[in-house]
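Here is the structure we will look at, set down as C-alpha cells.
Protein chains: 2
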Amino acid sequence: MTSSSSSRPGEFELIAQLFAPLATDPGAYGLRDDVALLAPPAGQDLVLKTDAIVEGVHFFAADPADLVAQKALRVNVSDLAAKGATPTGYLLSLSIPQQTSMPWLTAFAEGLARDQKAWGISLLGGDTTATPGPVTISISMIGTVPRGEAIRRAGARPGDLVFVTGTIGDAGGGLEILRGGGAQLSDDARTFLISSYRCPSPSPEFGARLRGIASASLDVSDGLMADLGHVAEVSDVRIVVDSAQVPLSEALEKLWGKGVVQRAVVAGDDYQIAFTAPQSSRNAIFAAARDCGVRVSEIGRVEQGSGTGLLDRAGNLISLSEAGYTHF
Amino acid sequence: MTSSSSSRPGEFELIAQLFAPLATDPGAYGLRDDVALLAPPAGQDLVLKTDAIVEGVHFFAADPADLVAQKALRVNVSDLAAKGATPTGYLLSLSIPQQTSMPWLTAFAEGLARDQKAWGISLLGGDTTATPGPVTISISMIGTVPRGEAIRRAGARPGDLVFVTGTIGDAGGGLEILRGGGAQLSDDARTFLISSYRCPSPSPEFGARLRGIASASLDVSDGLMADLGHVAEVSDVRIVVDSAQVPLSEALEKLWGKGVVQRAVVAGDDYQIAFTAPQSSRNAIFAAARDCGVRVSEIGRVEQGSGTGLLDRAGNLISLSEAGYTHF
C-alpha cells in the first residue's frame, strides 16, 4: 500500500507545504503531533458537526478546487450558524486518487485559507489518504456557543412566525445548469445559479444574532419543506409556508418558470437558515439582518398539529412531488 | 442526486435504526439536531484527532463489517492513547456505494457499539453520503486529558530509554496473508496475523498511566522506525533501536523468517505506542503494563544527534530499504 505519485510530493511533504501553514491555532502544533489540544473556553458549550462532500455526488470533478474546499467548510459552518454558534476550527480528512494534481491541491488549500481568514478559524488536524475512488472530503467543524444558548430544532411554538435567509432553490438550479440545462438563461443568471451550487454563503454572524430570539432553527440542506418538517417533528407542531412568500431569485424564476416554488422548496443544498420566532421578535430579526447584510423573509407560521404544508394564495395546500433531498 | 436503494432503507431510516441508538451522550440529541453540544469538563484539555479508512486501501471489501467499524474507531483511539488521553466520543462520516447492504451496515453498527461499550464512548454526530467509489469511513475522535498533561512527540531527551507496546509488524504480516501469502503457516498463526491487520488493540488505559512518566510518545502507524523518526525530529534528538529487542510474534517470525526485524520495523498499521522515558521510570512503566495487561519492551535509547538507527547485535547500523509507510 506504499506508493507515490510522480506528479506531486509525498504525504509528509504535502502536509508540510500545503496544510501545516493552515494550522494557525497553537494547539494544532503545526500538524507535527498526533492530535490537536484545545483548552475549552470558560462559559461556552462546544459545538461539533461533521459533513462530507464527494466528487460526483456533491461537487463535479471540473469544479474549481478552491470552491470545492470552501463548500466542504461551508456546509459545516452552515450548521453551526443555524445554531447560533461561532466556528473556531476544523479537522480535515482528505481522500484523493493518484491523479489528483499538485495544482488542484494547491488551489484547494488556497480555498481553505480564504475561508479561514474570513471566519478566523484554524485547521486543527487532518488526515490524507489514498483512494481508488472519487475525491472525498470530510470536515469536522468545532465551534462554541455561550453555555445553554444554542438554538435547537426543538422549540418552535404555535403562534411563532417562520423565516428563512437568502433565496431558496438556487443551488438546485445551478446543479441543473451544470448538468446541461438552462441554455435560455443569460450568462449572469447562469453564473449566479452555478455559484450558489458550488459555494454556499452561510452567515454565522447572523446566526449568532438569533440567540435569544429564534425559538427553533436549522440549516436548509435537504430542502426547505423537508427541513421545516424536521423542526415540526421535534418541536411537535405544524408548520405552514405561504408559497407566495418563499424568496426566489430572478434567475431561478427564469430557469424554472411556472411551478418554480414547488421545485425550489424541495431542492437541496441551499445552506440557508430557516428559523421560527415569536411575532414580538420580528423587528429585532430584520434589524439583525440589516446589520449582517443578510436577506431575511417571513414565509409562514407555526400552528398546533404536525407536519408541514405549502399554501397557495387562496390558502389551499399545494402537493409536493418529493419529500426532499436524501443523500442516497 | 436523490435516489434510493431497494436493498436498504433511506438515509433517515438508516440513521434512526442503526446510528441513533449509538448516540448515548445527551449532547448528541439522538442525532435529531444539526450538531452535538458538549459542556467541556473543567480542568481538562480537549484532544481532537481525525483518521479515515478506505476500502481497498486500509481494509478489504471482504473484511467483516464489525471489524471494519472497530478499526475505524481504533486507529483514532490509538492516537489518543499515545497522548495519555481518554476518548469520550466521536463523529462518524460514512460514504457508501449503492451496493452496500443492510446486513453489512447492521454489522458495522454492531462493531461500533461493541467498542463504545468497551471504552464508554458515544457517537456524537454523523453524516452518511452516497459515493460512486469505495466505502470510506472518517472518524473524528474527541477525548480529554488533564490540563497540560498530554504526552507530546517533542520531549525525548538524551539518556532516555525507548519502549514500545505489543509486537511489531503483525499487521503488515496479516496484510501479506490477505494478499495470498503465508500458505506455510498454521491456521492459528494466519488468524493471529490477519486479526492484527483487521483490528488493532490500543490501550488508552495504559496510555493514561504514561502521563507524567513518558517524555515523548506517539502511536506506531507509519512503521516503528519512521514514527520514532518523527519523535527524533521534533525532539531534536537521535533514537537508536536494538534490533534484537524489537518485540516480534512467533507467527511473524515464521512468516518472514530471516530479515523479519528489518521488515517489521518498516511495516505500518501497528497501532502500538512507542515512547521514551527516563531510566528512573523503568519500574513504573513495567508495573503499569502489568496492571493494564499490556506487553511492553525496552528497545533502545535516546542520544544526542538526529535521525534514527537500527543496530545489529554488534552495534552496527542495519540499513533499511524503506523509510516507512506513507499513505500514497
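Quick mapping for you: the protein sequence lines, in order, are chains A and B.
Take 1 as the starting number for the first sequence in my numbering and just add one per residue.
Take 1001 as the starting number for the second sequence in my numbering and just add one per residue.
Beta carbons are placed, not taken as given, at the ideal position from N, Cα and C, and that holds for glycine.
Computed from a predicted model, the values in this text were never measured in an experiment.
Point to revise | Reduced DSSP secondary structure (H/G/I, E/B, other) of T24 (chain A) | key: The residue labelled residue 24 (chain A) in the question sits at position 24 within the first sequence. Reduced to three states, the DSSP call for T24 (chain A) is coil.
Exercise for review: Starting from the beta carbon of R32 (chain A), find every residue of chain B whose beta carbon is closer than 9 Å, and list them in chain order.
Suggested key: Working through the first sequence from its first residue, we reach residue 32 (chain A) at position 32. Result: R1153, A1154, H1230, E1233 and V1234.
Exercise for review: Please name the residue in A:R290, A:G173, A:S93 and A:L228 whose C-alpha comes closest to that of L310 (chain A).
Suggested key: If you number the first sequence from 1, residue 310 (chain A) lands on position 310. Nearest Cα to L310 (chain A) within the set A:R290, A:G173, A:S93 and A:L228: A:L228.
Check your understanding: Looking only at C-alpha atoms, which of A:G212, A:A28, A:R301 and A:P132 sits nearest to I151 (chain A)?
Key -> On the first sequence, residue 151 (chain A) is found 151 positions in, with the first residue counted as 1. When each option's Cα is compared against that of I151 (chain A), the closest is A:G212.
Point to revise | Closer than 7 Å at the beta carbon, the chain B residues around G126 (chain A) | key: Looking up residue 126 (chain A) in the first sequence gives position 126. Ordered by position in chain B, the residues that pass the 7 Å Cβ test against G126 (chain A) are T1050.
Point to revise | Helix, strand or coil at Q1099 (chain B) [DSSP, three-state] | key: Counted from its first residue, the second sequence places residue 1099 (chain B) at position 99. Annotated three-state conformation of Q1099 (chain B) is coil, per DSSP.
Check your understanding: Of all the CB atoms in chain A, is at least one closer than 8 Å to the CB of R1147 (chain B)?
Key -> Here residue 1147 (chain B) is taken as the residue at index 147 of the second sequence, counted from 1. At least one chain A Cβ lies under 8 Å of R1147 (chain B).
Practice item. Just mark V241 (chain A) as buried or exposed, buried being the case when its beta carbon has 16 or more other beta carbons within 10 Å. Key: For the purposes of this step, residue 241 (chain A) is identified with residue 241 of the first sequence, where counting begins at 1. V241 (chain A) should be labelled buried.
Review point. Taking only beta-carbon atoms, is S122 (chain A) less than 8 Å away from chain B?
Key: Residue numbering aside, residue 122 (chain A) sits at position 122 when the first sequence is read from its first letter. No, because no Cβ of chain B sits closer than 8 Å to the Cβ of S122 (chain A).
Check your understanding: Contact check, P87 (chain A) vs V302 (chain A) under 8 Å by CB: the rounded distance?
Key -> Here residue 87 (chain A) is taken as the residue at index 87 of the first sequence, counted from 1. Here residue 302 (chain A) is taken as the residue at index 302 of the first sequence, counted from 1. Not quite, the Cβ-Cβ distance comes to about 28 Å (not below 8 Å), so this is no contact.
Practice item. With DSSP collapsed to three states, give me the class of I53 (chain A). Key: Taking the first sequence and counting its residues from 1, the one referred to as residue 53 (chain A) is at position 53. I53 (chain A): strand per DSSP, three-state reduction.
Point to revise | Below-8 Å beta-carbon distance, L1193 (chain B) vs any chain A residue | key: Sequence index remark: in the second sequence, residue 1193 (chain B) carries index 193 (1-based). Closer than 8 Å: no.
Review point. Which first and last residues belong to the beta strand (DSSP E) in which S1122 (chain B) is found?
Key: Against the second sequence, residue 1122 (chain B) aligns to sequence position 122. That run of the beta strand (DSSP E) goes S1122 to A1130.
Point to revise | Run of the alpha helix (DSSP H) containing T191 (chain A), from where it starts to where it stops | key: As a position in the first sequence, residue 191 (chain A) is number 191, starting the count at 1. It spans D187 to R198 - the alpha helix (DSSP H) in which T191 (chain A) sits, taken as one unbroken run.
**Study point:** Contact the segment 14-33 of chain A vs the segment 66-78 of chain A: 3+ CB pairs below 8 Å
**Key:** no
Exercise for review: Identify the continuous beta strand (DSSP E) that holds G1300 (chain B) and give its terminal residues.
Suggested key: Within the second sequence, numbered from 1, the residue matching residue 1300 (chain B) stands at position 300. Residues V1296 to E1303.
Review point. Exposed or buried, which one is Q1351 (chain B) when buried takes at least 16 other CB atoms within 10 Å?
Key: What is shown of chain B runs 1001 to 1328, which leaves residue 1351 (chain B) out entirely.
Exercise for review: Would you mind telling me which residues of chain C sit closer than 9 Å to K71 (chain A), beta carbon to beta carbon, in chain order?
Suggested key: In the structure shown, chain C does not exist; the protein chains are A and B.
Review point. Run through DSSP, which three-state label would S1320 (chain B) get?
Key: Working through the second sequence from its first residue, we reach residue 1320 (chain B) at position 320. Residue 1320 (chain B) is actually Leu in this sequence, not Ser. DSSP places L1320 (chain B) in coil when its eight states are reduced to three.
Review point. Is any heavy atom in the ligand NAP found nearer than 7 Å to the beta carbon of V1077 (chain B)?
Key: Absence of the ligand NAP from the depicted structure is noted, as is the absence of any ligand whatsoever, leaving it without description.
Check your understanding: What residues of chain B sit near V54 (chain A), judged by a beta carbon separation below 9 Å?
Key -> The residue you call residue 54 (chain A) lines up with position 54 of the first sequence. Correct list: S1095, T1129, A1130, T1131, P1132, G1133 and T1136.
Point to revise | Near-chain B residues of the segment 18-48 of chain A - C-beta to any C-beta below 7 Å | key: R32, D33, D34, V35, A36, L37, L38, A39, P40, D45, L46, V47 and L48
Review point. Are the C-beta atoms of L317 (chain A) and some chain B residue less than 8 Å apart?
Key: Your numbering for residue 317 (chain A) matches position 317 in the first sequence. Output row for L317 (chain A): interface = no.
Check your understanding: Which first and last residues belong to the alpha helix (DSSP H) in which D79 (chain A) is found?
Key -> Looking up residue 79 (chain A) in the first sequence gives position 79. Taken as a continuous stretch (DSSP letters only), the alpha helix (DSSP H) holding D79 (chain A) covers A65 to A82.
Review point. Buried or exposed: which applies to G1084 (chain B), given that a residue is buried once 16 or more other Cβ atoms fall within 10 Å of its Cβ?
Key: Reading the second sequence from its first residue, position 84 is the one you call residue 1084 (chain B). Buried, since its Cβ has 16 or more Cβ neighbours within 10 Å.
Exercise for review: Kindly indicate which three-state DSSP category S235 (chain A) falls into: helix, strand or coil?
Suggested key: Position 235 of the first sequence, counted from the first residue, corresponds to residue 235 (chain A). Three-state result, S235 (chain A): helix.
Point to revise | Own chain residues within Cβ distance below 6 Å of S1281 (chain B), not counting five before or after | key: Along the second sequence, read from residue 1 onward, the residue named residue 1281 (chain B) stands at position 281. Taken in chain order, the residues that qualify are I1213.
Check your understanding: Can you list the residues of chain B that D79 (chain A) reaches, using a CB-CB cut of under 8 Å?
Key -> The residue labelled residue 79 (chain A) in the question sits at position 79 within the first sequence. In chain order: D1034 and V1035.
Review point. Which one or two residues does DSSP pair with L91 (chain A) in a beta bridge?
Key: Residue 91 (chain A) sits at position 91 when you count from the first residue of the first sequence. Answer is A:G125 and A:S140, bridged to L91 (chain A).
**Study point:** Min CB distance S1140 (chain B) to chain A below 8 Å
**Key:** Along the second sequence, read from residue 1 onward, the residue named residue 1140 (chain B) stands at position 140. Yes, contact with chain A.
**Study point:** Partner residues on chain A for L1091 (chain B), Cβ-Cβ distance less than 8 Å
**Key:** Locating residue 1091 (chain B) in the second sequence gives position 91, counting from the first residue. L48, K49, T50 and S140, listed in chain order.
Review point. Would you call the CB atoms of S1235 (chain B) and G1155 (chain B) closer than 8 Å?
Key: In the second sequence, the residue the question calls residue 1235 (chain B) occupies position 235. In the second sequence, the residue the question calls residue 1155 (chain B) occupies position 155. Yes, the pair counts as a contact, with Cβ atoms nearer than the cut-off.
**Study point:** Residues of the segment 1205-1229 of chain B whose Cβ lies closer than 8 Å to any Cβ of chain A, in chain order
**Key:** L1218 and D1219
Check your understanding: From the DSSP output, which residues share a beta bridge with Q1272 (chain B)?
Key -> Mapped onto the second sequence, residue 1272 (chain B) falls at position 272. According to DSSP, which records beta bridges pairwise, Q1272 (chain B) is partnered with B:V1220.
Point to revise | Length of the line joining the Cα atoms of D1033 (chain B) and D291 (chain A) | key: Along the second sequence, read from residue 1 onward, the residue named residue 1033 (chain B) stands at position 33. Along the first sequence, read from residue 1 onward, the residue named residue 291 (chain A) stands at position 291. Between the alpha carbons of D1033 (chain B) and D291 (chain A) lies a distance of about 27 Å.
Practice item. Report, in whole angstroms, the separation of the C-beta atoms of V231 (chain A) and T165 (chain A), which I expect to be a contact under 8 Å. Key: Walking along the first sequence from the start, residue 231 (chain A) turns up at place 231. Walking along the first sequence from the start, residue 165 (chain A) turns up at place 165. Their Cβ separation, rounded to whole angstroms, is 15 Å, which puts V231 (chain A) and T165 (chain A) out of contact at 8 Å.
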